[in-house]
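Data block below; observations after.
Residue numbers (UniProt numbering): 1 to 791.
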């Protein structure tokens with residue numbers, strides 16, 4: 001498609017970010033000039049090259065060049081960043097990426113610690129709290145209270161002397177739970193089989209194979225007989241296996257530190273937030289460990305001394321447990337001239353939370369439990385009050401997780417950043433967010449190999465008038481159904497009180513498409529995930545990370561590679577293992593990775609394409625075997641849509657593979673290549689991949705969490721058709737969603753609210769979309785009525 005272009009804002013060379021010859025991923029020698037200090041929105045179907053241009057080229061090179069300003073020594077501690085495949089990049093400014101990555105997996109990370117609000121509160125209480133208990137450290141749940149004595153070496157009168165000094169650190173950490181808010185209890189039957197010896201595999205902990213390193217350590221420790229069943233251990237031997245603290249030992253001539261099973265589990269597994277664990281680790285933890293609220297600190301993480309100091313009857317624990325919108329009001333009432341700058345900064349930060357639509361959170365909320373959209377908005381907080389100007393802010397779908405009511409507020413925040421003299425680059429699909437752009441860049445015309453070109457740049461009105469896929473669909477509006485399906489039954493929810501839910505009773509119809517909606521923080525996820533997710537026959541498909549490394553890909557994850565490998569093996573009379581880059585067929589030079597990583601010590605390492613296999617990942621001899629005229633590396637390089645045709649007809653027909661590929665096409669992943677690393681998929685792509693792999697499950701109820709995430713306007717209709725096929729096939733489908741096209745297409749709506757946090761948690765509407773539009777009785781009803789009226 002020919003590039004459509006029109007002027008938006010005149011700019012000379014100094015006011016432009018100039019990109020020439022960008023070829024990252026699927027980009028086809030893209031050259032474009034972007035105006036600085038403007039709000040530019042990048043549009044296009046999923047896989048068209050938006051992220052490749054914005055994140056992998058512009059932002060990546062900015063960050064790489066900043067890293068190069070540090071000394072070689074300091075660079076050795078930074079992540080290695082390769083130069084993007086681009087001929088020229090001019091006019092770059094410092095890039096700050098505000099993405100959807102979940103916030104820290106550390107269980108000690110909270111909303112308060114992640115945004116520095118806790119640090120400000122600790123200073124505030126150390127100055128104004130009564131009784132006065134010490135410095136800011138006394139209010140930190142990450143600092144333990146310790147005391148002791150030690151020798152200090154110093155020089156006096158030209159002589160070196162040692163003096164004994166006592167020391168004391170007064171921290172705020174609860175000694176019982178060590179500042180985590182929870183205490184753990186272990187079910188030892190889930191940790192080991194007492195009838196077996198270590199050599200026989202008594203330990204049932206994931207990763208604790210006796211053939212690996214852990215096996216060498218435990219069996220070679222000398223603390224117990226590795227051939228004796230655990231039930232015959234003495235009390236001392238069992239204590240050494242389970243609870244022994246760090247102890248220096250020698251195994252096979254190597255000096256190592258031995259540590260018992262329980263402390264190892266606590267450090268390697270329980271130090272992470274549950275939602276950040278890999279599925280098999282999470283399953284083990286759920287089976288083996290019981291978490292209960294710490295009885296000593298009541299989950300506040302703070303010791304009694306820290307909780308005793310109060311300001312106007314409020315302790316720091318009380319302040320962190322408040323809804324942020326309430327805390328903001330409390331801080332406004334505090335007056336202390338000597339702390340005026342601190343109070344002003346605290347007020348501005350808390351007001352930013354409210355303004356950005358996160359006033360329903362509390363500061364003690366674990367950071368790892370925030371959704372991708374909540375995490376992205378929380379990261380925005382620190383930038384809204386920044387004095388920096390002429391910075392490039394890069395956002396990845398900032399409207400994710402936002403109700404239409406909240407999108408307007410997000411738009412205002414993006415414009416505020418621009419008006420401070422910054423360049424704002426936004427990857428977006430929502431028409432309400434595209435509408436506020438100063439400049440639009442549309443990539444396409446399709447996805448994958450069919451994308452990678454700039455097909456339009458100019459104003460929003462120009463995009464609307466263009467003949468690009470985005471332009472044609474920009475004003476799409478779904479209509480209400482003429483008829484809705486009749487429910488076959490109902491799933492009863494009674495007395496739901498998770499998080500902010502207020503003893504909710506609701507019947508969720510089965511056999512139909514149910515959409516649960518409401519503003520962010522109204523209680524949607526708490527209602528559905530908290531009440532239905534663990535029931536028998538319920539399949540939950542979310543946007544969480546997929547287990548697997550860079551060696552995992554859609555072909556391995558969905559089981560697609562298995563029938564393909566067997567077909568290759570049968571056609572060539574060889575073993576299936578030859579057609580796995582993780583097994584016998586792997587290139588010996590790069591071990592099937594396709595790249596060779598060169599560690600340059602204190603300088604940034606470099607990943608280069610393997611010279612032996614030229615990135616194909618397989619031995620040359622394996623690539624001599626073909627099936628349907630293609631070798632295995634060519635098959636893995638195919639986009640899903642091409643592979644679906646290839647394996648669906650003629651001599652290359654493989655029914656089992658074609659069935660899986662059809663599902664992948666149905667969920668809008670036709671542009672993804674079979675061998676694309678799972679680590680490169682977005683949250684929305686991960687969810688759709690899970691959906692495709694689980695569509696053949698025996699589950700009766702499917703729960704999807706914002707499946708339109710990352711979907712282009714043109715693909716939403718395909719998603720609706722897929723949901724219809726699931727329901728028509730006898731499944732019950734429950735979708736948590738903000739997209740009005742999905743709401744309009746529902747058979748039944750459950751709307752929560754009326755607001756967020758303690759202003760939400762109630763069912764404010766149950767019924768058909770038509771009834772909600774006619775009533776206009778809720779915020780959702782108002783927006784949905786306006787949406788369908790504008791068709």
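Where a beta carbon is used, it is the ideal one built from N, C-alpha and C, also for glycine.
Fill in: Pair within 8 Å by beta-carbon distance, residue 41 and residue 428
yes
Worksheet item: Which residues bound the alpha helix (DSSP H) around residue 268?
Response: 261-268
Discussion item. At the level of alpha carbons, what is the spacing between residue 201 and residue 209?
Written reply: 7 Å
Worksheet item: Which residues in the same chain as residue 584 place their Cβ atom closer than 8 Å to its Cβ, once the five residues preceding and following it in sequence are excluded?
Response: 575, 577 and 578
Fill in: Those residues which DSSP pairs with residue 516 across a bridge
736 and 750
Discussion item. Pairs of beta-carbons, one from the segment 471-478 and one from the segment 709-717, closer than 8 Å: are there three or more?
Written reply: yes
Worksheet item: If we call anything under 8 Å between Cβ atoms a contact, is residue 806 one with residue 223?
Response: Nothing can be reported for residue 806, as the shown portion of the chain is limited to 1 through 791.
Item to complete: Would you mind stating whether residue 442 and residue 459 have Cβ atoms separated by less than 8 Å?
Response: no
Fill in: residue 672, DSSP secondary structure in three states
coil
Item to complete: Find the nearest neighbour of residue 746 within the set 737, 754, 752 and 753, judged by alpha-carbon distance.
Response: 737
Worksheet item: Do residue 528 and residue 702 have their C-beta atoms closer together than 8 Å?
Response: no
Worksheet item: Do residue 780 and residue 449 have their C-beta atoms closer together than 8 Å?
Response: no
Worksheet entry | Nearest neighbour of residue 257, chosen from 265, 266, 267 and 245 [CA to CA] | 245
Worksheet item: Of the choices 242, 160, 162 and 172, whose alpha-carbon is the least far from that of residue 134?
Response: 172
Worksheet item: For residue 261, which of 254, 270 and 463 has the nearest alpha-carbon?
Response: 270
Discussion item. Give the list of continuous alpha helix (DSSP H) stretches no shorter than 4 residues that lie fully inside the segment 177-224.
Written reply: 213-219
Discussion item. Can you tell me whether residue 434 is buried or exposed? The criterion is at least 16 other CB atoms within 10 Å of its CB, across all chains shown.
Written reply: buried
Item to complete: Would you check if the distance between the CB atom of residue 176 and the CB atom of residue 297 is smaller than 8 Å?
Response: yes
Discussion item. Let me check one thing: in DSSP terms, what residues is residue 96 bridge-paired to?
Written reply: 393
Practice prompt. Pull up the DSSP beta-bridge partners for residue 507, would you.
Written response: 492
Worksheet item: When you compare each of 720, 317, 699 and 596 to residue 181 by their alpha carbons, which one comes out closest?
Response: 317
Fill in: Euclidean distance between Cα positions of residue 35 and residue 19
11 Å
Worksheet item: Considering only residues of the same chain and omitting the five flanking positions on each side of residue 110, which have a CB-CB separation below 8 Å?
Response: 118, 320, 363, 364, 365, 366 and 367
Worksheet item: What are the boundary residues of the alpha helix (DSSP H) that residue 557 is part of?
Response: 554-557
Discussion item. Once DSSP output is grouped into helix, strand and coil, what is the label at residue 146?
Written reply: strand
Item to complete: Starting from residue 465, follow the alpha helix (DSSP H) in both directions and report where the run begins and ends.
Response: 460-465
Discussion item. Output needed for residue 572: all residues of its chain with C-beta closer than 7 Å, excluding positions within five of it in sequence on either side, in chain order.
Written reply: 625
Worksheet item: Roughly how many whole angstroms lie between the Cα atoms of residue 557 and residue 590?
Response: 22 Å
Discussion item. Mapping the DSSP letters down to three states, classify residue 647 as helix, strand or coil.
Written reply: coil
Worksheet item: Do the segment 285-293 and the segment 319-333 make contact, defined as three or more Cβ pairs closer than 8 Å?
Response: no
Worksheet item: Just curious, the beta strand (DSSP E) that residue 35 is in, first and last residue?
Response: 30-35
Discussion item. Does residue 789 come out as helix, strand or coil in the three-state DSSP assignment?
Written reply: helix
Item to complete: May I have the straight-line CA-CA distance separating residue 107 from residue 278, to the nearest angstrom?
Response: 15 Å
Discussion item. Quick check: what's the CA-CA separation for residue 390 versus residue 555?
Written reply: 44 Å
Worksheet item: Should residue 592 go down as buried or exposed, given a rule of 16 or more other Cβ atoms within 10 Å for buried?
Response: buried
Worksheet entry | With 16 other Cβ atoms within 10 Å as the buried cut-off, status of residue 341 | exposed
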